[in-house]
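Heads up, our numbering is the position in the sequence shown plus 62, with the first residue counted as 1.
The next block holds one structure in the form of structure tokens; read it before the comments.
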Amino acid sequence: MRKIVTIFGSSVPLHREEQYEIAYKLGAILAKNNLDVCNGGNRGIMEAVSKSAVDNGGSAIGITLEGVFNNHNPYLTQHIVCKTLFERITKLINTGDAFVILQGGTGTLLELASVWELMNKQFIKQKPFACHGKLWSPLIDSMEEQLLLEKRKAGLIKYFDDIEECANYIIKNI
């Protein structure tokens, strides 16, 4: 059975925009390395990563929220609908063997914080966890400092400026 990388990111980027293309590249690299993808099933980054995974021989699982964003992306090979936001986040996390956070807004921030906290408190086992995008660098640096100050486990999340390096980290550590 192929392993699954859950990818979190914005629903806003459109085809040919930089963040869409970055997500497309990530999905392609993962699929070419026999990894499937899971995401929130909507447009933007989620659509790009789903399309590229399927275009490159992989599968794309979309986990959407009932009654919200009812236009899920058309590239999903499996579509799961959840009744609540927290059920959806839990399903996204439990489905992943690794996690990648791409550019996004408050929803992506909630997902990042959820994965990080669950691993930090050992509610889920430690899995490869990576971030890409300049938005996250200052947040990760600040939180890592705080974790060290509180004598908690730091280093659970890796930050990358380059999407290929990010993908390679996941591939090597999944």
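Note that beta-carbon positions come from the ideal geometry of N, C-alpha and C, so glycine has one too.
Query	Result
Between the alpha carbons of G102 and G119, how many angstroms are there, rounded?	20 angstroms
Give the DSSP-derived three-state secondary structure of I232 in the structure shown.	helix
Report yes if the CB atom of K234 is closer than 7 angstroms to the CB atom of A192, and no otherwise.	no
Tell me, to the nearest whole angstrom, how far the beta carbon of G71 is from that of G166; I am working on the premise that it is less than 8 angstroms.	5 angstroms
Could you please give me the residues that DSSP links to I142 through a beta bridge?	I125
Below 8 angstroms, can you find three or more Cβ-Cβ pairs linking the region 103-115 to the region 130-146?	yes
Suppose the cutoff is 6 angstroms on Cβ atoms and the five residues either side in sequence are ignored; what does the same chain contact list for T139 look like?	S121 and A122
Do you know how far the Cα of R214 is from the Cα of F222?	22 angstroms
Would you check if the distance between the CB atom of C100 and the CB atom of G158 is smaller than 7 angstroms?	yes
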